[in-house]
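What follows is a set of notes on a single structure, which appears directly below.
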Ligand SMILES: [Zn+2]
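In my numbering, the protein residues as written are 2 to 266.
This is the structure in structure tokens:
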């Protein structure tokens, strides 16, 4: 049987009602495929939320309560890419992000394990950009270029690509601002490029599931962390190329994302 490839795209701090403010054709295309709602438990901040989404462990289990990762038990809770590799050691994996705690072994975390042995064998590839230091808008653009090229050239079995600049705009200007809408438009362009790369691979006969998700929203005036509905709302929109993206519940807890994605492989 032809194996299913997975591309999970994380758009940090994305509120879906940004679609009222901006035309986002790639995101709309994904939402038209299939969509499941999720509600993130507090604290609705990136460290705990991505740790849950990418491992399937609850905050109580993985112990990541903020973005410092002090007391993290991620060593006990492998990430989606590592789990896919452990289930089938022939799988190739790819991770790209501009928020270092997700992928950078030099700092806290990372949520996605570095897996040096597989990295040396080019079975696992990690692209790290430091948006925190150099600016997320530019860093997200670099992540998009590397990730699109990586998907197109290598067709990894499981890939995770993360964008941070929408979240940054939410912090600086709030979720109903023109700046937030502009950041969403730019990231939608990155999404479109990734979808085109997957389509090219699918055109050559590969089967792909593409999913896009977020870790939390923002308040209208900016900021997050609490249990307000617009802050706690998340989703996973899916599109399949030779794969059926439907059949998931309308709503599920965020701990179910990783197990469901693994089951789809
Ligand atoms: Zn976040």
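Virtual Cβ for every residue (Gly too), placed ideally from N, Cα, C.
Excluding the 5 residues flanking it on each side, residue 60 has same chain C-beta neighbours closer than 8 Å at 42, 44, 49, 52, 53 and 66, in chain order.
A contact is defined here as three or more CB-CB pairs under 8 Å, and the region 80-90 meets this definition with respect to the region 105-114.
Counting only the Cα atoms, residue 136 lies some 18 Å from residue 15. Residue 163 has its CB no nearer than 7 Å to any heavy atom of ligand 1.
Remark: the C-beta of residue 36 is outside contact range of ligand 1, defined as less than 7 Å to any heavy atom. In the displayed model, residue 239 falls within a strand according to three-state DSSP. Burial is judged here by how many other beta carbons sit within 10 angstroms of a residue's own beta carbon; residue 71 has fewer than 16 and is exposed.
Inclusion of residue 142 and residue 95 in the CB contact set at 8 Å is not warranted, their separation being larger than that value. Per DSSP, reduced to three states, the secondary structure at residue 188 is helical. Within the same chain, Cβ atoms closer than 7 Å to the Cβ of residue 166 are found at 137, 138, 141, 184, 187 and 188, the five residues on either side in sequence being excluded. Taking the Cα positions, residue 58 is about 19 Å away from residue 266.
Proximity of the beta carbon of residue 224 to ligand 1 is not indicated: no heavy atom of the ligand is located closer than 7 Å.
CA-CA distance, residue 216 to residue 19, rounds to 15 Å. In this structure, DSSP gives residue 112 a state outside helix and strand, which the three-state scheme calls coil.
A distance criterion of 7 Å places the beta-carbon of residue 14 in contact range of ligand 1, judged by its closest non-hydrogen atom. Cβ contact annotation for residue 74 (same chain, cutoff 6 Å, sequence separation greater than five): 63 and 64, in chain order. Contact between residue 203 and residue 242 holds: CB atoms are separated by about 4 Å, below the 8 Å threshold. Taken through DSSP and simplified to helix, strand or coil, residue 95 comes out as strand.
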